[in-house]
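A.B. asks: Protein chains in written order, with this note's numbering: chain Z, 292 to 435; chain B, 292 to 435.
Don't be surprised by glycine CBs; every beta carbon is placed ideally from N, CA and C.
Just passing along the structure, written as structure tokens.
Number of protein chains: 2
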Amino acid sequence: MSCSSDYVPQLRARGFRMTSQRLAILHVLRHEGVHLSPTEIYKKARIELPGLTEPTVYRTLEFLAENGLARSSYAGSGRLTYEIAEDEHHHVICRSCGNEIEVGHALLESLYQELETASGFKHIDSHVTFFGVCPGCQQDHKET
Amino acid sequence: MSCSSDYVPQLRARGFRMTSQRLAILHVLRHEGVHLSPTEIYKKARIELPGLTEPTVYRTLEFLAENGLARSSYAGSGRLTYEIAEDEHHHVICRSCGNEIEVGHALLESLYQELETASGFKHIDSHVTFFGVCPGCQQDHKET
DNA sequence: TTTGTTATTGTAAAAACTTGCAATAAGGAA
DNA sequence: TTCCTTATTGCAAGTTTTTACAATAACAAA
Numbered sequence: 292m293s294c295s296s297d298y299v300p301q302l303r304a305r306g307f308r309m310t311s312q313r314l315a316i317l318h319v320l321r322h323e324g325v326h327l328s329p330t331e332i333y334k335k336a337r338i339e340l341p342g343l344t345e346p347t348v349y350r351t352l353e354f355l356a357e358n359g360l361a362r363s364s365y366a367g368s369g370r371l372t373y374e375i376a377e378d379e380h381h382h383v384i385c386r387s388c389g390n391e392i393e394v395g396h397a398l399l400e401s402l403y404q405e406l407e408t409a410s411g412f413k414h415i416d417s418h419v420t421f422f423g424v425c426p427g428c429q430q431d432h433k434e435t
Numbered sequence: 292m293s294c295s296s297d298y299v300p301q302l303r304a305r306g307f308r309m310t311s312q313r314l315a316i317l318h319v320l321r322h323e324g325v326h327l328s329p330t331e332i333y334k335k336a337r338i339e340l341p342g343l344t345e346p347t348v349y350r351t352l353e354f355l356a357e358n359g360l361a362r363s364s365y366a367g368s369g370r371l372t373y374e375i376a377e378d379e380h381h382h383v384i385c386r387s388c389g390n391e392i393e394v395g396h397a398l399l400e401s402l403y404q405e406l407e408t409a410s411g412f413k414h415i416d417s418h419v420t421f422f423g424v425c426p427g428c429q430q431d432h433k434e435t
């Protein structure tokens, strides 16, 4: 998995183009790991590519997510964040402290099957964010 | 289930107050049913209560959702919409045409159990929106 | 009633996000 | 290489959403 333009053929195959903007944004996503807001991504990518504008960042992130190169999910605040698309997983966010963990997709596999059966929909593959109360906050609650 | 201030005791019990703004917004949610954007709610509620402002609408919706009187979910566009909290359900949205269906919570019940076991989190109760391709669009796809 | 506490609202301004359209540049073909 | 097509970007302006703080008004208690 070379660091950068490994993605070019993926895009070209679908008639899309690789641009310096897309590369800069992918680069940020690759090297930051955690979930980033569009604004954070904009600020970091702008360092690599000074001319970059905000609308381009928003459009690019949406584009990358649609094409499977990035993945979007809703942060605790309800805002959309992005990360590089790697292994498929979901999130559980603590409603109380905002702490966030990942759970593998395996747990949801059978639900997705059932949903497809029950709804008639196909290709259900959304990333999902759940909300709950984490172990730490369950403790705190007892004291209060 | 009387139409309006049935909610008052619920709020007071938790130290909150019922206000004309909250009543107006609840009234809109009750009588519109479908998922409404904050802006739509603002416009409709303003007719009932002309002085109402947008920040109040946003804050009130968040407040109602936190307190179980309303429920929020992400529309296909990625924007947050609200509806009155009634029976618990989830949504599946068609990635292609935006068509949206409801699925009861029963299907997810056991997943939530597993998630709690696997993650150590408790009280997981999020409303979830899935994306897929609806029966109609599966047809269309074959032709194209 | 009247008063006091404080949850809630409005105001004003900023930040986040979107949209339409003209200019640019990626990359296939000549 | 150069040209052409058109995907993609930047620009400019709009809309949506958030924030801080002072003014207001619920409602419990006197």
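(1) Suppose you measure from the CA of residue 396(B) to the CA of residue 355(B); what does that come to, to the nearest Å?
(2) By the 10 Å Cβ neighbour count, where 16 or more other Cβ atoms means buried, how is residue 363(B) classified, buried or exposed?
(3) Measure the Cβ-Cβ separation of residue 412(Z) and residue 419(B) and say whether it is below 8 Å.
(4) If you compare alpha carbons, which of 347(B), 335(B), 324(B), 332(B) is closest to residue 310(B)?
(5) Ends of the alpha helix (DSSP H) at residue 466(Z)?
(6) Could you spell out where the beta strand (DSSP E) holding residue 400(B) opens and where it closes?
(7) Check the Cβ-Cβ distances between residue 368(B) and every residue of chain Z, and say whether any is below 8 Å.
(8) I need the boundaries of the beta strand (DSSP E) containing residue 384(Z), first residue and last residue.
(9) Which residues does DSSP list as the beta-bridge partners of residue 424(B)?
(10) Mind pulling the chain B residues with CB within less than 7 Å of residue 409(Z)?
(11) Check the Cβ-Cβ distances between residue 385(Z) and every residue of chain B, and say whether any is below 8 Å.
(12) Can you pull the chain Z neighbours of residue 425(B), defined as C-beta to C-beta under 9 Å?
(13) For chain B, is any of its Cβ atoms less than 8 Å away from the one on residue 422(Z)?
(14) Under 8 Å, Cβ to Cβ, is there at least one residue of chain B near residue 251(Z)?
(15) Are there 16 or more other CB atoms within 10 angstroms of the CB of residue 300(B), so buried, or fewer, so exposed?
(16) Can you tell which of 410(B), 298(B), 350(B), 338(B) has the C-alpha that lies nearest to the C-alpha of residue 422(Z)?
(17) Under 8 Å, Cβ to Cβ, is there at least one residue of chain B near residue 417(Z)?
(18) Do the CB positions of residue 326(B) and residue 361(B) come within less than 8 Å of each other?
(19) Residue 301(B) versus chain Z: which residues are under 9 Å apart at the beta carbon?
(20) Could you pull the start and end residues of the alpha helix (DSSP H) that residue 298(Z) belongs to?
(21) What are the start and end residues of the alpha helix (DSSP H) that includes residue 308(B)?
(22) Would you mind sorting residue 338(B) into buried or exposed? The rule is 16 or more other CB atoms within 10 Å of its CB.
C.D. replies: Let's see:
(1) Against the second sequence, residue 396(B) aligns to sequence position 105. Against the second sequence, residue 355(B) aligns to sequence position 64. Straight through space, the alpha carbons of residue 355(B) and residue 396(B) are spaced by roughly 21 Å.
(2) Start at 1 with the first residue of the second sequence, and residue 363(B) comes out as number 72. With 16 or more Cβ atoms within 10 Å of its Cβ, residue 363(B) is classed as buried.
(3) Locating residue 412(Z) in the first sequence gives position 121, where the first residue counts as 1. Locating residue 419(B) in the second sequence gives position 128, where the first residue counts as 1. Contact: no.
(4) Indexing the second sequence from 1 puts residue 310(B) at position 19. Of 347(B), 335(B), 324(B), 332(B), the residue nearest in Cα terms is 347(B).
(5) In the structure as shown, chain Z starts at 292 and stops at 435, and residue 466(Z) therefore has no counterpart that could be examined.
(6) For the purposes of this step, residue 400(B) is taken as residue 109 along the second sequence, with counting starting at 1. Looking at the DSSP string, residue 400(B) is not in any beta strand (DSSP E); the run it does join, the alpha helix (DSSP H), is 397-410.
(7) For the purposes of this step, residue 368(B) is taken as the residue at position 77 of the second sequence. Nearest CB-CB separation between residue 368(B) and chain Z: not below the 8 Å threshold.
(8) Position 93 of the first sequence, counting from 1, holds the residue named residue 384(Z). Per DSSP, the continuous beta strand (DSSP E) segment holding residue 384(Z) begins and ends at 380-385.
(9) On the second sequence, residue 424(B) is found 133 positions in, with the first residue counted as 1. 413(Z).
(10) Here residue 409(Z) refers to the residue found at position 118 of the first sequence. For a Cβ distance threshold of 7 Å, residue set 394, 398 of chain B lies close to residue 409(Z), ordered along the chain.
(11) On the first sequence, position 94 is the one that residue 385(Z) refers to. Residue contact check for residue 385(Z) against chain B: a CB pair falls below 8 Å.
(12) If you number the second sequence from 1, residue 425(B) lands on position 134. By Cβ distance, chain Z contributes 410, 411, 412, 413.
(13) Position 131 of the first sequence holds residue 422(Z). It does: the Cβ of residue 422(Z) has a partner Cβ on chain B nearer than 8 Å.
(14) As displayed, chain Z neither begins before 292 nor continues past 435, which places residue 251(Z) out of reach and without an answer.
(15) Taking the second sequence and counting its residues from 1, one reaches residue 300(B) at position 9. Residue 300(B) comes out exposed.
(16) The residue given as residue 422(Z) occupies position 131 in the first sequence. It is 410(B) whose Cα lies nearest to the Cα of residue 422(Z).
(17) Against the first sequence, residue 417(Z) aligns to sequence position 126. By this cut-off, residue 417(Z) is an interface position.
(18) As a working note, residue 326(B) is residue 35 in the second sequence. As a working note, residue 361(B) is residue 70 in the second sequence. The answer is no: Cβ separation not under 8 Å.
(19) Your numbering for residue 301(B) matches position 10 in the second sequence. Under a criterion of Cβ atoms nearer than 9 Å, no residue of chain Z is adjacent to residue 301(B); the nearest Cβ is some 19 Å distant.
(20) By one-based count along the first sequence, residue 298(Z) stands at place 7. Taken as a continuous stretch (DSSP letters only), residue 298(Z) belongs to no alpha helix (DSSP H), as it is neither H nor E.
(21) Counted from its first residue, the second sequence places residue 308(B) at position 17. Unbroken run through residue 308(B): none, as it is neither H nor E.
(22) Stepping through the second sequence from its first residue, residue 338(B) is reached at position 47. Classification for residue 338(B): exposed.
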